[in-house]
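**Student:** I am attaching a structure below and will ask some questions about it afterwards.
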Amino acid sequence: MSTFLRDETCDTSGTGYIQELIVAKSVPAVFLDRDGTINVDHGYVHEIDDFEFIDGVIDAMRELKEMGFALVLVTNQSGIARGKFTEAQFETLTEWMDWSLADRGVDLDGIYYCPHHPQGSIEEFRQVCDCRKPHPGMLISARDYLHIDMAASYMVGDKLEDMQAATAAEVGTKVLVRTGKPVTEEAEKAADWVINSLADLPAAIKKQK
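Counting from 0, one number per residue, gives the positions in the sequence shown under numbering that gives the first Met the number 0.
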C-alpha cells in the first residue's frame, strides 16, 4: 500500500503523489503509464465505476515485483487542468486503485501524476511544466527519490509521449503496448519493444535474459 506524499520537485507546483522508498543501493524499476496501460482508457477516467483493470496486468505487476522491480506509476492527468474532474476526485480514485492493487499483492513504490496542461481551463493548472510527458520530470523525480537504476529500468506506455519521456530520462528499455491508443508508426519507431499488453512484459523480460 503506497503512502501518498506531495512531490514538490517540479518547477511548477502539483506534481503527483509518491511513496519514498529508502534503499541503500539503486534498484531497477518498471515505470507504468495508467490509462491504456493498466486500465481500459474510457477517456478521462475519474470514477471508480469506470475504472477497469486490463486483463492480466495485476498478475504481471505482481510477477514484476517478484522479479525485483520497483513499480512506479507516472500518469498525465490533464483532465484536472481541463476541468473534466477535480484533483480531489483523482486522489479518491487513486487511493481506491492503490488499495485494490495492494489487496491483490501488488504494492506500488511510487505514484506520480501531472495535473497540468498549457491550455487548461482551470487557471491553477494552466501552465507549461517539466512533469507532463513527453517531458521527463516525473521519471526524474522518481529516480532521485527511489534511487532507481534507469539503465536497468523499463517504461511501459501506449503513446509516443511515454516513449519520449523515457528517452529523455535515459530509461534503458521503452515498451509500447497495444491496449490503449492506436499504435502509431512514430511511437513504434521510438520504442525498443512493442508488445500486446503489460500482461506480456514479465515473459518478454525473462526471454531477454
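All residues carry an ideal CB built from backbone N, CA and C; glycine is no exception.
Mind checking who CYS128 pairs with in its DSSP beta bridge?
**Tutor:** On the sequence shown, residue 128 is found 129 positions in, with the first residue counted as 1. None; CYS128 has no bridge partner.
**Student:** Quick one: measure Cβ to Cβ for HIS134 and ALA164, integer angstroms, because I've assumed they're closer than 8 Å.
**Tutor:** Walking along the sequence shown from the start, residue 134 turns up at place 135. Walking along the sequence shown from the start, residue 164 turns up at place 165. Contact flag correct, Cβ pair sits at about 7 Å.
**Student:** What would DSSP say about LYS64, mapped onto helix, strand or coil?
**Tutor:** Indexing the sequence shown from 1 puts residue 64 at position 65. Correct three-state label for LYS64: helix.
**Student:** What's the gap between the Cα of VAL182 and the Cα of GLY55?
**Tutor:** Here the question's residue 182 lines up with position 183 in the sequence shown. Here the question's residue 55 lines up with position 56 in the sequence shown. Their backbone Cα atoms lie some 20 Å apart in a straight line.
**Student:** From LEU159 to ALA186, what does the alpha carbon distance come to, in whole angstroms?
**Tutor:** By one-based count along the sequence shown, residue 159 stands at place 160. By one-based count along the sequence shown, residue 186 stands at place 187. Answer to the nearest angstrom: the Cα atoms are 4 Å apart.
**Student:** Specify, as a first and last residue, the run of the beta strand (DSSP E) that TYR153 falls within.
**Tutor:** As a working note, residue 153 is residue 154 in the sequence shown. Start and end: 153 to 156.
**Student:** When you compare only the Cα positions, how much space is there between ASP143 and GLU46?
**Tutor:** Along the sequence shown, read from residue 1 onward, the residue named residue 143 stands at position 144. Along the sequence shown, read from residue 1 onward, the residue named residue 46 stands at position 47. Cα-Cα distance, rounded: 31 Å.
**Student:** Name, in chain order, the residues that DSSP records as bridge partners for GLY109.
**Tutor:** The residue labelled residue 109 in the question sits at position 110 within the sequence shown. VAL71, per the DSSP bridge assignment.
**Student:** Taking LYS132 as the reference, give the member of VAL26, ALA101, LEU145 and PHE30 with the closest Cα.
**Tutor:** Here the question's residue 132 lines up with position 133 in the sequence shown. Among VAL26, ALA101, LEU145 and PHE30, the Cα nearest to that of LYS132 belongs to PHE30.
**Student:** Should the stretch 167 to 177 be regarded as contacting the stretch 186 to 199, the criterion being three or more beta carbon pairs within less than 8 Å?
**Tutor:** Yes, the stretch 167 to 177 touches the stretch 186 to 199.
**Student:** For a quick check, are the C-beta atoms of THR93 and ILE110 less than 9 Å apart?
**Tutor:** As a first step, residue 93 must be located in the sequence shown, where it is residue number 94. As a first step, residue 110 must be located in the sequence shown, where it is residue number 111. Contact: yes.
**Student:** Take the Cβ of ALA101 as the centre, count every other Cβ of all protein chains shown within 10 Å, and call the residue buried at 16 or more, exposed below.
**Tutor:** What you label residue 101 is simply residue 102 of the sequence shown in a count that begins at 1. With fewer than 16 other Cβ atoms within 10 Å, it is exposed.
**Student:** Is LYS173 helix, strand or coil by DSSP?
**Tutor:** The sequence position of residue 173 within the sequence shown is 174, counting from 1. It is a strand residue.
**Student:** Taking the beta strand (DSSP E) that ALA28 belongs to, which residues open and close that run?
**Tutor:** Taking the sequence shown and counting its residues from 1, the one referred to as residue 28 is at position 29. Where ALA28 is concerned, the enclosing beta strand (DSSP E) stretches over 28 to 31.
**Student:** Excluding the five sequence neighbours on either side, which residues of its own chain have a C-beta within less than 8 Å of the C-beta of ASP58, listed in chain order?
**Tutor:** Here the question's residue 58 lines up with position 59 in the sequence shown. Correct list, in chain order: ALA198.
**Student:** Taking ILE194 as part of the beta strand (DSSP E), name the residues at either end of that continuous run.
**Tutor:** On the sequence shown, residue 194 is found 195 positions in, with the first residue counted as 1. From DSSP, the beta strand (DSSP E) with ILE194 extends over 192 to 194.
**Student:** The alpha helix (DSSP H) with TYR144 in it runs from where to where?
**Tutor:** Walking along the sequence shown from the start, residue 144 turns up at place 145. From DSSP, the alpha helix (DSSP H) with TYR144 extends over 136 to 145.
**Student:** So, are the CB atoms of LEU63 and LEU72 less than 9 Å apart?
**Tutor:** The residue given as residue 63 occupies position 64 in the sequence shown. The residue given as residue 72 occupies position 73 in the sequence shown. Result no, Cβ atoms of LEU63 and LEU72 do not sit closer than 9 Å.
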